[in-house]
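**Student:**
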Amino acid sequence: MKRISRTHWIIAAILDAIIISLIVLYFVGCSTTPKNPYEYHVYTSNGVGYSHLYTAEDEQDAVEYIKFYQKSHGDLQMVRIKK
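Taking the numbering used here, I'd label the letters of the sequence shown as residues 164 to 246.
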């Protein structure tokens, strides 16, 4: 029976480490996908059209922004945009 040389064991260990690292990176990458695939932008009317004011983290943040600034900024509009 032929013995496996030390070099072969080192190469096998390196390949195992690479494969495990790739598997871990794949699952980490999959887990970082956003739960909410949308951005919420708040716009104000400037007489001619609309100007972008704020990019909210989620819909609730946009609604709170609109409620807070409605009196001082006038007409505000929320637009949902796919990331």
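Built from N, CA and C at the ideal position, the CB exists for glycine as well.
Applying the 10 Å Cβ sphere with the 16-neighbour rule, what's the burial state of leucine 185?
**Tutor:** With fewer than 16 Cβ atoms within 10 Å of its Cβ, leucine 185 is classed as exposed.
**Student:** So, at 6 angstroms on beta carbons, what are the nonlocal neighbours of histidine 236 in its own chain, with the 5 sequence-adjacent residues on each side left out?
**Tutor:** If we look at histidine 236 and ignore the five residues flanking it on each side, its Cβ neighbours are Thr207.
**Student:** Isoleucine 167 lies in the beta strand (DSSP E); which residues open and close that run?
**Tutor:** Counting along the chain, isoleucine 167 falls outside any beta strand (DSSP E), and DSSP gives it neither H nor E.
**Student:** Hey, could you find the ends of the alpha helix (DSSP H) lysine 234 is sitting in?
**Tutor:** From DSSP, the alpha helix (DSSP H) with lysine 234 extends over 222 to 236.
**Student:** Does the distance from the C-beta atom of leucine 239 to that of valine 205 stay below 7 angstroms?
**Tutor:** Result yes, Cβ atoms of leucine 239 and valine 205 sit closer than 7 angstroms.
**Student:** Using a beta-carbon distance below 7 angstroms, is leucine 188 in contact with chain D?
**Tutor:** Within the model displayed, chain D is absent; a lone protein chain is all it includes.
**Student:** In chain order, what residues of the same chain have a beta carbon less than 7 angstroms from the beta carbon of threonine 170, not counting five sequence neighbours either side?
**Tutor:** Closer than 7 angstroms at the Cβ level, and outside the excluded window around threonine 170, lies no residue.
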